[in-house]
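1 is the number of the first residue of the sequence shown in our numbering; add one for each residue after it.
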Amino acid sequence: MPRPKGIALNKGNRRAFTLIELLIVIAIIAILALIAIPNFLESQMRAKVSRAYADTRSLGAALAAYQVDYNCAPLGFWSMRSTMGWSTNDMTDNRPYDGLEVLTTPIAYSTSVPSDPFKDKGYINSKTPGVEMKERSLTYFYDSSRPMPNAAIITNGKDRDGLFWMHTNGHSWYLASPGPSRDSLSGLIQTISGQISGSTNTLYDPTNGTTSRGYIVRTSQGQVQSLVSHTVQTAPNSWY
Numbered sequence: 001m002p003r004p005k006g007i008a009l010n011k012g013n014r015r016a017f018t019l020i021e022l023l024i025v026i027a028i029i030a031i032l033a034l035i036a037i038p039n040f041l042e043s044q045m046r047a048k049v050s051r052a053y054a055d056t057r058s059l060g061a062a063l064a065a066y067q068v069d070y071n072c073a074p075l076g077f078w079s080m081r082s083t084m085g086w087s088t089n090d091m092t093d094n095r096p097y098d099g100l101e102v103l104t105t106p107i108a109y110s111t112s113v114p115s116d117p118f119k120d121k122g123y124i125n126s127k128t129p130g131v132e133m134k135e136r137s138l139t140y141f142y143d144s145s146r147p148m149p150n151a152a153i154i155t156n157g158k159d160r161d162g163l164f165w166m167h168t169n170g171h172s173w174y175l176a177s178p179g180p181s182r183d184s185l186s187g188l189i190q191t192i193s194g195q196i197s198g199s200t201n202t203l204y205d206p207t208n209g210t211t212s213r214g215y216i217v218r219t220s221q222g223q224v225q226s227l228v229s230h231t232v233q234t235a236p237n238s239w240y
């Protein structure tokens with residue numbers, strides 16, 4: 001069968017990409033990667049924030065159900081620290097659930113205690129930039145304003161005053177996450193109770209940027225959306 005005219009079978013006539021064309025393709029791919037990767041990382045951070053809000057909301061519902069049955073909130077960090085022998089360094093103690101395990105057994109108010117997505121790599125020490133502190137409790141920080149006279153000793157007067165303020169203003173417990181900036185939760189109760197004069201601690205607000213500083217906090221009265229300075233009463237010595 002005769003070969004159609006105009007069709008060459010000489011392999012030497014095949015044209016390869018030039019170096020310029022390859023460089024242009026590589027540059028286009030690099031530009032697309034520079035655009036896509038930050039958007040991907042930001043979407044991951046937004047997903048973690050949404051998860052933290054959802055987790056604390058579901059844990060809050062479980063805590064509310066527990067309170068209905070027992071007429072009090074579960075023991076929080078300070079009381080558990082005393083009964084379980086935790087030291088004053090809340091960053092290195094072995095406390096996997098911060099007392100929240102009572103929500104899963106013997107009555108399942110919650111099927112599990114979720115982990116905090118911002119605790120997987122530990123805290124950033126705000127006093128020493130760049131220094132990370134390991135956190136053995138991977139769930140959300142939990143504390144109760146349930147008074148425990150002679151059971152737990154809070155050496156920091158401002159922390160005791162903060163819990164006393166929460167107790168007298170109807171906040172029976174609080175849950176907290178360090179948020180995207182992974183700041184240490186040191187001074188958290190002082191922030192919630194309004195003792196924020198001269199403090200850099202604040203609440204997370206996505207309008208300040210997806211990875212902006214701030215705690216994610218929920219109390220028995222709902223999500224804490226803003227900070228207001230309060231006159232915090234000094235807790236009596238017999239309280240906590």
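From the three backbone atoms N, C-alpha and C, an ideal C-beta is built for every residue, glycine too. For clarity, every value in this text was computed on a predicted model and none was experimentally measured.
A distance of 8 Å or more separates the beta carbons of G99 and W173. A contact between stretches requires three or more CB pairs, one per stretch, nearer than 8 Å, and the segment 52-63 meets this requirement with the segment 106-119. Put simply, the segment 58-74 does not touch the segment 20-34. Fewer than three CB pairs are less than 8 Å apart. Going by C-alpha positions, F17 is about 37 Å away from S43. Annotation: T234 to P38 spans about 47 Å, alpha carbon to alpha carbon. The alpha-carbon of S112 is positioned some 30 Å away from that of T168.
In the structure shown, S115 adopts extended strand secondary structure according to DSSP, grouped into three states.
Listed as beta-bridge partners of T139 by DSSP are S115. R213 and D205 have their alpha carbons spaced roughly 8 Å apart. Nearest C-alpha to D183 among Y215, V224, A33, T105: Y215. For P106, the closest C-alpha among the options T139, L138, P114, D69 is that of D69. Taking 8 Å as the cut-off, the Cβ atoms of L227 and L203 count as close. Listed as beta-bridge partners of A176 by DSSP are F141, V217. Look at G187 here: in three-state DSSP terms it is coil, with no helix or strand label. One alpha carbon belongs to M45, the other to S181, and they sit about 11 Å apart. Assignment of beta-bridge partners to Q223 by DSSP yields R218. Rounded to the nearest angstrom, the Cβ distance from Y140 to T56 is 6 Å, consistent with a contact under 8 Å. With a beta-carbon spacing of about 5 Å, R146 and A73 fall inside the 8 Å limit used to define contacts. Non-local beta-carbon contacts of E101 in its own chain, meaning distances under 8 Å to residues more than five positions away in sequence, involve V113 in chain order. Listed in chain order, the non-local C-beta contacts of T104 below 8 Å within the same chain comprise S110, T111, S112, V113, local neighbours out to five positions each way being set aside. Residue pairing from DSSP places L203 in a beta bridge opposite Y215.
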